[in-house]
Amino acid sequence: MKKTLSILLALALAILLAFPAFAVEMVNESFEYAFDTLPAKYDDATYISLGELWVDGATNANHNTGGGNGNEFDYIFLKDNGKGDFVVTFSVDEKAVYDFGFLMMGWAKSVLRATNVSIDDGPSLRIEYDYEDADQYHNHYAYGLSAILDAGEHTMTFTLPDDFDDTNVKTLYFDSFFYVSEPLPAEDAPADVAEDSAASAPQTADPILITVAAAAVSGACAVVFKKRK
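Numbering (the numbering used here), first residue to last: 4 to 232.
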């Protein structure tokens, strides 16, 4: 009986751990990069200035201003201060697909620069770039991150990358992030489109698998209860 209980509990745990569930529904988790010019779809984007939201000593974020080449930046960058991630709260008016981008201050040739970002409790995604001298003080964009968000408040989190050591890997200089809304996918989308979307979507916990896991745990508990009774 104990062996059966152990197997059931192990199965339930394995299923839940193998399929991490995020409350936010990601649509695209990869980035495209550009200097100075963005695609026209971002012409009417809403911008969130990070320098204005920075609080001295509250997080791992540091703040500075500067620029050149006709561009001025009010930017944050991360150091390992032991004070935690830089989290920004923003709100949207309606449920929709939101396409995000980040405006960074381009820098000169030095070392690889990287920072992880995440929307709400979604996956932590890496933005990285190895600059050339000609890139310094140009508007540098990373864009294309998208997710389905409900109306209301949400968070954008900036985190140190796993390989950060402030010598071989430093962080990027973020001036702001921005977003535009797009219509939700049509419920009556053609089958081939739906299949393509499903294939490209991040793996999350399938309701059936969760049900199976719950049933396994329930069954295990029932075995224990019956035995004790």
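The beta carbon of each residue, even a glycine, is placed where N, CA and C say it ideally should be. All of these numbers come straight from a predicted model, not from anything done at the bench.
First and last residue of the beta strand (DSSP E) that includes residue i?
i, result
"SER94", "89–95"
"GLU135", "Looking at the DSSP string, GLU135 is not in any beta strand (DSSP E), and its letter there is neither H nor E."
"VAL100", "99–108"
"GLY85", "Neither: GLY85 is in no beta strand (DSSP E) and is coded neither H nor E."
Does DSSP put residue i in a helix, a strand or coil?
i, result
"PRO210", "Here the model assigns PRO210 a pLDDT of 49, short of 50, so the residue's position is not dependable and the matter cannot be decided."
"SER35", "Residue identity differs from the one stated: residue 35 is Glu in this sequence, not Ser. Reduced to three states, the DSSP call for GLU35 is strand."
"TYR140", "coil"
"GLY60", "coil"
"ALA43", "helix"
"GLY71", "strand"
"GLY147", "strand"
"GLY54", "helix"
"SER179", "strand"
Can you tell me which of the options puts its alpha carbon nearest to the alpha carbon of residue i?
i, options, result
"VAL172", "TYR78, TYR101, GLY69, ASN119", "ASN119"
"SER52", "ALA117, MET29, MET159", "MET159"
"PHE181", "LEU175, ASP165, PHE167, ALA145", "ALA145"
"TYR78", "MET107, ASP166, ASP136", "MET107"
"GLU185", "GLY73, ALA48, SER33, TYR36", "ALA48"
"GLY147", "GLU35, SER179, GLY125", "GLU35"
"TYR45", "GLY73, GLY70, ASN74, PHE103", "PHE103"
"ALA117", "ILE151, GLU32, PHE177", "PHE177"
"GLY109", "TYR101, ASP96, ALA150, GLY70", "GLY70"
"ARG129", "GLU28, MET29, SER33", "SER33"
"ASP317", "GLY54, ASN74, SER113", "No answer is possible for residue 317: the residues shown for the chain start at 4 and end at 232."
"VAL95", "ALA37, SER179, ILE151", "ILE151"
Within its chain, find whatever has a CB closer than 6 Å to the CB of residue i; leave out the 5 residues flanking it on each side and keep chain order.
i, result
"ASP88", "THR160, THR162"
"ASN65", "PHE80, LYS82"
"ASP1", "What is shown of the chain runs 4 to 232, which leaves residue 1 out entirely."
"ASP133", "LEU115"
"LYS86", "THR62, ASN63"
"ASP138", "GLY109"
"CYS37", "Strictly speaking, residue 37 in this sequence is Ala, with Cys absent from that position. For ALA37, where only same-chain residues beyond five positions count, the Cβ hits under 6 Å are TYR144."
"MET135", "According to the sequence as given, residue 135 is Glu; it is not Met. Contacts found: LYS112."
Have a look at residue i and residue j and give me their C-alpha separation to the nearest angstrom.
i, j, result
"THR68", "LEU56", "14 Å"
"VAL183", "PHE167", "31 Å"
"PHE93", "HIS157", "5 Å"
"THR1", "ASN84", "Outside the shown range of the chain, which is 4 to 232, sits residue 1, and nothing can be said about it."
"GLY236", "VAL90", "Residue 236 is absent from the model: the chain starts at 4 and stops at 232."
"GLY60", "LEU41", "33 Å"
"ALA24", "PRO188", "The predicted model places ALA24 with a pLDDT of 48, which falls under 50 and marks its position as unreliable; any figure quoted below should be read in that light. Their Cα atoms are separated by approximately 21 Å."
"TYR140", "GLU75", "8 Å"
"GLU238", "HIS143", "Outside the shown range of the chain (4 to 232) lies residue 238, about which nothing can therefore be said."
"ASN72", "GLU28", "39 Å"
For the ligand FMN, is there any heavy atom lying closer than 7 Å to the beta carbon of residue i?
i, result
"LEU148", "For the ligand FMN, the structure offers nothing, since it holds no ligand at all."
Starting from the C-beta of residue i, find all residues in its chain whose C-beta is less than 7 Å away, skip the five residues before and the five after it, and write them out in chain order.
i, result
"SER127", "ASN119, SER121, THR162"
"ALA26", "ASP123, ASP124"
"SER149", "VAL30, ASN31, VAL100, TYR101, ASP102, PHE103"
"SER179", "TYR50, ILE51, SER52, LEU53, LEU106"
"ASP39", "HIS141, ASN142"
Quick one: residues in its chain with C-beta nearer than 8 Å to the C-beta of residue i, no 5 flanking neighbours on either side, listed in chain order?
i, result
"ILE211", "In this predicted model, ILE211 has a pLDDT of only 45, less than 50, meaning its place in the structure is not dependable; the value taken from the coordinates is given anyway. Answer for ILE211: no residue qualifies."
"THR174", "PHE80, LEU81, LYS82, ARG116, ALA117, THR118, LEU163, PRO164, PHE167"
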